[in-house]
Every structure is written in structure tokens, then in C-alpha cells.
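The sequence shown: position 909 = 892 (the working numbering), numbered continuously.
Quick reminder that beta carbons are idealized off the backbone N, C-alpha and C, glycines included.
Everything below concerns the one structure shown next.
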Amino acid sequence: MTPVTVPWVRTRLRAAPGAAVALAVLVAVTACLAAAFPRTLDRYTDAGLRRAVERAPADVTGVQVSAAPDPGADARAAQDGLRPRQLTAAYRSVLSIVERPLVVDEEQSSYGVRVTDGLPSPEKWLPRPDGLPAEMVLAAPQGLDGHARLRSGRLPKVPGGRADASTTRVEAAVTEETARTLHMEVGSVVHVVGDRELTVRVTGILTPERPDGAYWSVDPVLRTPSLRRVPGPAGAPSPTYWVGGLLLAPEAGPALLGSAPVVRYWHLAPDPDALHSRDLDPLASAVASVESGPALQRLHATISPLTDATTGLDDVLTTYGQLDDDIGPLVAVAASGSGTVAAVVLLMAGGLAADRRRAELALLRARGASAAGLAGRLLAETAVVAVPAGALGLGTALLALPGARLLPALWAAAAVTAVACLALPLRATAAHRRVRVHDGRRDAASPRASRRRTVAELTVVVLALGAVEMLRRRGATDGAGDLVAMAPVLVGVIAALVLVRLYPLPLRGLARPARRLRGAVGPLALARAGRTSASTVLPLLALLTAFTVAAFGGSVLSGVADARDRAALLAVGADARVEAAEPLPSGLPGRLGQVPGVREVTEAGVDWLAKTPDGRQSLPLAGVDPGTYAALAGRTGLGAFPEGRLTRPDGTESRSGEAVLPALASPAVAERFGSGAFHLRLADGNTATLRIVLVRDRTPAVYGDDFLVVDRAGLPTGSVPPNVLLLTGDDLDAGALHREADDVGTVHLRSEQRDTYVDSPLQSGAERIYTAAVAAGAGYAALALLLSLASAAPERAALLARLRTMGLTRAQGRRLLVLESLPQALPAALGGILTGWAAVRLLSPGIDLTTIAMSTTTSPVGRAELRADPWWLAVPAVTVLVLAVGVAALQAWWSGRRGAVTELRAGDAR
């Protein structure tokens, strides 16, 4: 008779399809999130680097290689070196010498021959603003026909087909901006004077393709004429003159030899699409090699010993690297915290499955199954579900986030899949390493933990405390990036282990006096809540880590928002500002007051040209109404003051200018003039006598470090008319404000100013990642709490069934489960608040939010510090309490509907 073998995996999947589907969904979502994180990080860091390079001027980011003709070469060799064939060969050599990962954008790169300085032209018909002759920059660029289209005429040629140092007549094209500004047209003849006179005839007018591209922007005078000033001493008149560009034929380079000093140039534009943040250090090395390293030595050997290479790309990379270094630790905190919570949930899912199958696995061990064989079977049945789910999550992340590296995402998804596959086998092997017939009651806990567990917990706590202390001493800099990233986990581990050990003690102490109370619900709830086991550590660790990430992330996001809002308020002075150089119409404040959202309109007159007594320095003077202006300063927090201190003295005549007016001044102005009276000459010639009585760092009407504020009624009539309106309100209608005031002044909105501080994808990307990490951590923490409650659900249901046979009502059953859950949920909530606060306090000295808030290392409002946000501390705690109590009440209600018969079947192990 042939024995029948039952396939293990198929049988288990058919027996519990719901659990298999739930595991697949959990693994797929977690793998997708894990794979999405490094790809999102790559995308926004690459975008930040490309934005930094694209925003910098092309002459800064490009590598400019130049070489003068070799002074030792004969005339023919010098001329041949300026011809297109040799220039192109040298260009190919330069491209081959540039090291990766610095990739050159050949479409926007340029090369050719040009004079080193502009040559004056004696033509009288060229514009002469101050009587000085215009100067012309002559260049023979290669590839001109591919970067411009003809608007009129034709491209220049070389008369006779070949130019040399004796050529005196050449043809040129000009851009349409040059033609319009310098009054040129097809057929114009321009004489330029250098070592010898050169006659240039304009044969065509061009429209540049991509005028903002590197081809036309490295040497912008070839595209757009420049009005320059003659250098001179400070205060002396400096006449101006025009400088324009003449674009010769590519073959006309040798003709420039006899007219002026020339250079061969190769302007290499970096390819933005090939820039990656992960290559920042190799990029800096490649740039340094071209500027002063091995690549430059090869250029000397290939082209000329006089070859020089300059670029500002290294400065751009350094600035970007500093921004990335400042933002990186913040993102790492979110990633490590959320990743830890997700890993805990996967482990808890495996533990829940092992607990539910405890009797089955114990029976298999009792019948001869080895621990290794049992682990192998459990690994196989888990892998059949988890591996396809992990692959699905990875594929979803790859499709949703293209254009990033594959390997980090693959490793992240593989790690998630491995944890999901190993959680059940390892937990089952640990629980059933010995063959047992009966496990005893699961709700019973030994009064004293094992020595092995105590030593392990003490070791973990000591290591975590040491790491936290090191982090506190070193801050977020000086190579402590890994510790910064692990801060939520370290604090969560310490708090979880301490809470698991401590919170049962007071509950056990209260259980004895609670027995004297009437009824059994209270004492029974305390007795059951006082029992704990090692399985409580994981859900508590998940909750506390999620608390820490939420508190830290919320504090980061709120700190960034506060810094931007404060900087915008300082720049605008209120929620909106309307200002003009001339007095504003008298009816404008009334019209603006009717705009939706506007509550108050405060007038101010600012004299930007008021002079100090010596007449050498301008000092902004604001004339205001003390009452309304004091209220505005108080609402905005910009230098609040009592209005009575600024009101003009009684009986002062506004026309006299003789009475001494009290003034509010900045610290710098107060230090300069002291407390004595001084005179100030206003822009209209009148004089005001002031005495500083108040000193404030900021004031709404004037931005800057130097200002004076006085009562406008005490100034000579008409001296400082209102030219600034400061508006406060909520949800201002920007369109209506612009419609009302754009014709008479300039409108500045606080909201628009705040948006300007988000200057790099690094900032916006980090904020989005932080928001997503906090949301994911919160979701996994809630799932951890539900899994923890679900693991005890069968035992609770059986307890309620037994107690109902003894007369316990449904209402008492609900109260029992709710009271039992509170002593565990309440310490978790309070511990979460404490861990979140501790993490923020720990990291705040070493973390500066200025960079992520303002995209620079400096801010007009000073250092943006990390502070604990009470809202982000309280909301997660309340959510945990509500969720725990709600689940307990729901479980009691559901158990009451099922009845007690199902739970009390004979032979069930409870």
C-alpha cells in the first residue's frame, strides 16, 4: 500500500486563506514603502543638485578651458592652431580628458577663437551715451549655424575662402539684440582698431536658439550688448560706453591674430541630466582634476603648456553639499524610526501567527517533528506568500518612482521580505525548542523574570544610554549621523524596557486594596493588567518609537513653518504691504479695507532719504500714528511698545519742527545718537528734532538695522506723507489686493514671501518624506497596537464567557475589558509623550532647521531651533488611548453577541 503524502504548504494556505492574504498585503505595502524611500531620496536629491547647477550662471557652472597661441611657434603654426580642424580635434581631446561622473553637454558646449578684450570702434553712428566709442568683442565660434536661426541676411563667410594674419576684411553676424541696441543692420560696416585696423561687414542678423542656454550665456556679450562704466574713484563721475559682440565665420580665426591678443577657448557645459547627488564627491574630484590636477596636466601635454581651466562648479557643489549634509540627518531620523516600527509590526505578525498555532506546533513536536524541520516547513509556507508580495511591492515602487537607482530599492524590499519570512519560523523555533505536552495558562506570569532576560535587557539599556549620552555630547555633527538617525529607536528601547518592568509594580500594589471594593470588575481588571510578559516589549517599542518620530517630525515641520512665517513677517511687516515712492492716494486705505480678509489697515510715511546731521548717511524715518501703529507692532510681535511713549508732546505745532519729538530707534541708531536731542534733515528740506526714548530690534514699517519711528503729527505738515500701508487679516484675497493697488504701488504679501523660501527640491522633498514617514509610522503603530490586542483576543473572549456563566453582565464585561486596557494604554501614552519630548530635547542642540527652512545657513530671524510641539505630543497619545479603549469595547460587544457556548467547548486549550 502506497502512503499518501499531504502537501504541507497547499494544505496550510487552504486552511487559513485570510491569514495568508493579510500577510501578503502587509508585506506588499511594507516592501513598497521600503523600496520607495531610497528612490524618493535619490529623486529629490538629484533634482536639488540639478536645480542648483541650472540656477547658477553658465559661466560659473561651466568648465572654461582656454589656451593662448604658443609664443615660441612660427606664424604658420599659430595660424593653423586657430583653424576649425585643429580646434575640433582639440575639443575632442578635452572631452576625452574630462573624467566621469562629470559629463559634458556637447549640445550646449562651445569652442572657437576670440579676442581677449574689446576693440574700440571709431564709427560715429554707433551709440555713445557719454561720448566714448563703443567696443567690439570679436569671436569666431564653431557651430553657430546649429544654435541660431537667420532672421535676415546670411551667415558670414571668409572672403577668398581662407583667412590668415594679413586679412583685414572679414564678415560677421550679430544677434537681433545687438542689432537693435547698436543700430546695426545687414550691410553695416564696422571698423575696429587694435594693433591694426580690421573692417567687419555685417552679413546677417541671428535669433539665438535657447538664448538662456550655456552656448550663449557663458560669454553673454556675444548675445546681448553690455553698457559698462569707466572705473574711477568713489564719488567721481564714471562715463558709460557700449560693448557688443561680432560673430565671425569659423574659418576667420587666423584673421584676429594681427589685430589683438587672442585665445582659443573650449567652454564645457555640464549635462544636468547626468548629475546625481550620490556622485557628489567624485564630481568634486573630477572638477578639481580639470582645474589643477591630472586632467589639467594632460591638457598641457595635449593642447598647449599655456592651457588654463577655470570653473565655479566646485563652489556650487560645495554649497549644495552643505545643504544636503544639514538636511540629511533629519531625513535619517524619520527613516530609521518608521523602519523600526514597520519591522516590529512584521515581527509581531509572525509572533501572532505562532501564538495562534501554538497547540498545532506543540503537537507536531510531540509526534517527532524536529525543530529544524518545523522551521523549514514554516519558512516555506511563509515564503510562498511573502516573496511574491515583496516582488509586487518592489515593482509598484519602481513603476511609481522611475529614474532612480534599482539596487537600494531592491535591498530594502528584500530586507522586508526576509523579515516577514523569518519572523514565524524563528518565533516558533524559540517557543518550541523543547517538546512540551501542555504549556499551561497563557495569562499567568511569573513574579520574577529570568536572569537571562534581565541581563539581556540591562545590556541593551546600558548600550542605548551610552549611545544617547554620546549623541548628547557630540550633537548632530562631528560624525554622529548614525546616532542621530537611531535616536528615536534608542530612546524607544530604553523607555519600552523600563516601562515593561515598572508599570506592573504599582498595579500589583493596588490590586490588594482594590479587593475591598464592591464588585469584582475593578479588582479583576487590576489583577489582569498587572500581569506582563516579554511579548509586551515589541508593541510598546513600536508605539514609543512612533511617538518619538511623530513628536520629532511634527516639531521639525512646525519649526520650519514658524521660521518661514517669521522671516516673511519680518520682510513684509504685516500680512500684506502696499508701498510706493510717491504718496499713496487718500482713498486707497478705505478701498483696501473692503478687500475680503482684511481686518486693519495701518498707514505709515517712510522717508528713505532723511539725512543724519552730518549729511553723509541716509537714515530711514517712519512717521506713524502711535495708536494704530503700536497696536500693529503688538499684533505682529515686531517691536511692541506703549503708544503713549511715542505720542508728540502736547501743544507741539506740526509745522514748527522746533519741539523735540520722542522717537523709537533701532539699537544701532540708538548707540550712535545716545539719549540726547539731535536734528534730522528730511527729504523735502525740513528739519525734525528727535530724542530716542524707545529701542527695538524690529519695526513693521521699515526693514533693516537702521530706522527711526516718530509721531507723524509732530513732523512738519506734508513732509512725510503716507506711502506705506500695512494690512493685517486672515486669508487675504491676493487678486483683489493686486487689482486695487498695482496701479499706484507695489503689493507684497506675506504668503507670497513665505513661498520664496522654498528654493530647492531638497527642502520640499525632505518635508514630503518627513510627512510620509510620520504618517507611515503612525499607521504601523496603530497596527502594532491592534496586533497586540488581537493576540490576547481569544483568551479574553474565553474569560468573558466563563465570567458570564458566573453572572457577569454584558455591561460589566465591557467595563472589565476597558479597565484592563487602560493601565497598559495610559503608561504607553504617557511614556510616548516623555520619549518624544526627550528625543527633541536630545537632538535640538545639534540640529539647525535654518537650512531646511530658508535654503541658506543664515536667516533674518536668527537660528531656527527645534522645539517640542505640544500638539504633536498630545495627539498621538490621545489616539492610542481612544484606539485601545475602542478596541476593548468592540471586543466585549462582539463576544457578547457570539454567546458563551462557542468559547466553552470541551477540549479547547484556553
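- Straight through space, the alpha carbons of D262 and C15 are spaced by roughly 25 Å.
- Boundaries of the alpha helix (DSSP H) harbouring D297: 296 to 339, taken from the DSSP string.
- One alpha carbon belongs to A616, the other to E90, and they sit about 55 Å apart.
- Secondary structure of A563 (DSSP, three-state): coil.
- Shortest Cα-Cα distance from V246 to any of A822, G610, D53 involves D53.
- DSSP, read as helix, strand or coil, puts W108 in coil.
- A contact between stretches requires three or more CB pairs, one per stretch, nearer than 8 Å, and the segment 120 to 138 meets this requirement with the segment 152 to 165.
- The segment 604 to 623 and the segment 739 to 752 do not touch, with fewer than three beta-carbon pairs separated by less than 8 Å.
- For V370, the enclosing alpha helix (DSSP H) covers residues 354 to 383.
- The DSSP assignment places complete beta strand (DSSP E) segments of no fewer than 3 residues inside the segment 132 to 189 at 152 to 158, 172 to 176, in order along the chain.
- By the C-beta criterion, the segment 533 to 545 is judged to be in contact with the segment 811 to 827, since at least 3 inter-stretch pairs fall below 8 Å.
- For V87, the secondary structure class from DSSP, reduced to helix, strand or coil, is strand.
- R163 and L189 have their C-alpha atoms some 11 Å from each other.
- S541 sits in a helix when the DSSP states are folded into three classes.
- Per DSSP, S93 lies in no alpha helix (DSSP H) segment; the continuous beta strand (DSSP E) that holds it begins and ends at 93 to 98.
- One alpha carbon belongs to V399, the other to L282, and they sit about 50 Å apart.
- Under DSSP, H731 takes part in a beta bridge, and its partners are R560.
- Remark: C-beta atoms of T365 and L407 approach each other more closely than 9 Å.
- Contact check for T611 against E586 passes: the beta carbons are separated by less than 9 Å.
- The residue from G320, A439, P21 with its alpha-carbon nearest to that of A533 is G320.
- Looking at the backbone, the Cα of A395 and that of L389 are separated by about 10 Å.
- Between the segment 305 to 325 and the segment 37 to 45, the count of C-beta pairs closer than 8 Å stays below three; the two stretches do not touch.
- Going by DSSP, T223 is part of the beta strand (DSSP E) stretching over 223 to 231.
- The C-beta distance from T290 to V48 rounds to 6 Å, short enough to fall under 8 Å.
- Counted as a single uninterrupted DSSP element, the beta strand (DSSP E) harbouring Q47 occupies residues 46 to 50.
- Residue environment for L181: buried (at least 16 other C-beta atoms within 10 angstroms of its C-beta).
- With distances taken between CA atoms, T595 lies nearest to L665 out of G334, L665, R722, P21.
- Membership of F661 in any alpha helix (DSSP H) is not indicated; the residue belongs instead to the beta strand (DSSP E) covering 661 to 664.
- Residue environment for E118: buried (at least 16 other C-beta atoms within 10 angstroms of its C-beta).
- The three-state reading of DSSP puts Y74 in helix, counting H, G and I together.
- One alpha carbon belongs to I80, the other to L165, and they sit about 40 Å apart.
- For the 9 Å CB-CB criterion, C404 and A369 form a contact.
- A check of alpha carbon separations from S353 across H415, P391, A318 identifies H415 as the nearest.
- Boundaries of the alpha helix (DSSP H) around M837: 833 to 837.
- In the same chain as A326, and ignoring 5 residues on each side of it, the C-beta atoms closer than 7 Å to its own belong to V402, in chain order.
- Residue pairing of S209 in beta bridges, as defined by DSSP: V226.
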